[in-house]
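Asks: Here it is, the structure in full.
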């Protein structure tokens with residue numbers, strides 16, 4: 001996907017998020033969503049850009065929603081994959097029942113459980129969240145190698161921080177916040193992690209130009225399962241009058 005965007009003439013930067021090797025771990029253990037959003041804004045500035053189109057999947061999607069909420073002047077547009085705006089779960093805590101990993105990642109033996117049998121848990125995630133994907137057809141060795149090298153505390157820290165309080169003055173996207181920048185949301189209708197109907201529930205949170213692409217037969221990892229379709233959707237979005245510079 002990154003190669004497709006770069007070939008179209010865009011400057012593409014694809015960093016590992018904090019805690020995912022080789023990116024550094026958070027010394028203070030802060031993997032909260034407000035901090036993830038702030039990381040994006042800091043990266044835009046560090047790259048010498050005044051604004052950027054930001055793209056994120058899963059926790060990255062939560063981060064781009066928050067970055068656009070905290071400082072929309074730096075966000076020309078956003079693309080979010082597989083996670084809807086927080087409005088999707090407003091008033092319905094039962095949504096988390098469909099994501100039990102948020103609970104069992106809090107257990108004291110979770111480091112061992114995730115790491116055992118050469119990180120077989122990663123295979124189970126892909127099988128469960130993308131039930132139409134033949135996991136044996138994709139190479140997960142780089143993901144497992146990064147966890148072996150950098151440890152699991154960073155990735156698990158996202159879930160540990162989820163139930164912690166935000167620091168004073170922190171800004172995050174909430175069910176009440178709206179997003180005015182041009183936005184594209186991409187989801188698969190076979191996502192095993194979240195019901196695809198939730199994306200329609202979240203649509204009113206987007207008050208600016210908004211597009212939604214639902215990919216048939218695709219699970220939670222559309223950038224892996226249908227990279228050509230994802231690239232095409234993003235390129236169409238980038239070329240649209242509301243998004244193009």
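Residue numbers (the numbering used here): 1 to 245.
The beta-carbon is built from N, C-alpha and C at its ideal position, and this holds for glycine as well.
Computed from a predicted structure; not experimentally measured.
Locate the beta strand (DSSP E) running through residue 240, then write down its first and last residues.
Replies: Unbroken run through residue 240: none, as it is neither H nor E.
Asks: Within 10 angstroms of its Cβ, does residue 45 collect 16 or more other Cβ (buried), or is it exposed?
Replies: Classification of residue 45: exposed, given that the 10 Å Cβ count is below 16.
Asks: Taking the continuous beta strand (DSSP E) assigned at residue 183, which residues delimit it?
Replies: Segment 183–188, the beta strand (DSSP E) holding residue 183.
Asks: Considering Cα atoms alone, identify which of 20, 160, 86 is closest to residue 200.
Replies: The option with the nearest alpha carbon to residue 200 is 86.
Asks: Please report the straight-line C-alpha distance between residue 152 and residue 163, rounded to a whole angstrom.
Replies: Each residue's Cα considered, the two are about 18 Å apart.
Asks: Consult DSSP for residue 81 and reduce its assignment to one of helix, strand or coil.
Replies: Residue 81: strand per DSSP, three-state reduction.
Asks: Is it right to say residue 112 is buried, meaning 16 or more other beta carbons lie within 10 angstroms of its own, or is it exposed?
Replies: It is exposed - the Cβ of residue 112 has fewer than 16 other Cβ atoms within 10 Å.
Asks: Roughly how many whole angstroms lie between the Cα atoms of residue 185 and residue 28?
Replies: Cα-Cα distance, rounded: 32 Å.
Asks: Whole angstroms are fine: how far does the CA of residue 177 sit from the CA of residue 118?
Replies: Cα-Cα distance, rounded: 41 Å.
Asks: Just list the residues that DSSP pairs residue 57 with in beta bridges.
Replies: DSSP output for residue 57 lists 81 as bridge partner(s).
Asks: Which two residues bound the contiguous alpha helix (DSSP H) that contains residue 147?
Replies: Residue 147 -> alpha helix (DSSP H) spans 141–150.
Asks: Let me know if residue 225 comes out buried or exposed under the rule of 16 or more other beta-carbons within 10 Å of its beta-carbon.
Replies: The residue in question, residue 225, is buried, as its Cβ has 16 or more Cβ neighbours within 10 Å.
Asks: Please determine, among 70, 11, 25, the residue with the shortest C-alpha to C-alpha distance to residue 181.
Replies: When only C-alpha atoms are compared, the closest one is 70.
Asks: DSSP beta-bridge partners for residue 170?
Replies: Residue 170 is not bridged to any residue.
Asks: Along the chain, where does the alpha helix (DSSP H) that runs through residue 133 open and close?
Replies: From DSSP, residue 133 is part of no alpha helix (DSSP H); its letter is neither H nor E.
Asks: Taking the alpha carbon of residue 11 as the point to measure from, which residue in 55, 154, 35, 209 has its own alpha carbon closest?
Replies: Among 55, 154, 35, 209, the Cα nearest to that of residue 11 belongs to 55.
Asks: Cα separation between residue 227 and residue 189?
Replies: About 15 Å.
Asks: When the Cα of residue 218 is compared with those of 121, 128, 235, which residue comes out closest?
Replies: Here the closest residue by C-alpha is 128.
Asks: Use the C-beta contact count for residue 205: other C-beta atoms within 10 angstroms, 16 or more gives buried, fewer gives exposed.
Replies: It counts as buried.
Asks: Does the segment 99–110 come close enough to the segment 71–81 to have 3 or more Cβ pairs within less than 8 Å?
Replies: Taking 8 Å as the limit for Cβ pairs, the verdict is that the segment 71–81 does not touch the segment 99–110.
Asks: Note down the Cα distance separating residue 230 from residue 26, rounded to an integer number of angstroms.
Replies: So the two alpha carbons sit approximately 31 Å from each other.
Asks: Shortest alpha-carbon distance to residue 173 belongs to which of 20, 3, 138, 68?
Replies: The residue with the shortest Cα to Cα distance from residue 173 is 68.
Asks: Please name the residue or residues paired with residue 26 in a DSSP beta bridge.
Replies: Paired residues: none, contrary to the question.
Asks: What does residue 211 pair with, by DSSP beta-bridge criteria?
Replies: The partner list for residue 211 (beta bridge, DSSP) reads 184.
Asks: Going by the beta-carbon positions, is the gap between residue 34 and residue 170 smaller than 9 Å?
Replies: Yes, these two residues count as a Cβ contact at 9 Å.
Asks: Quick check: the Cα distance between residue 125 and residue 213, rounded to an integer number of angstroms?
Replies: Taking the straight line joining both Cα atoms gives about 23 Å.
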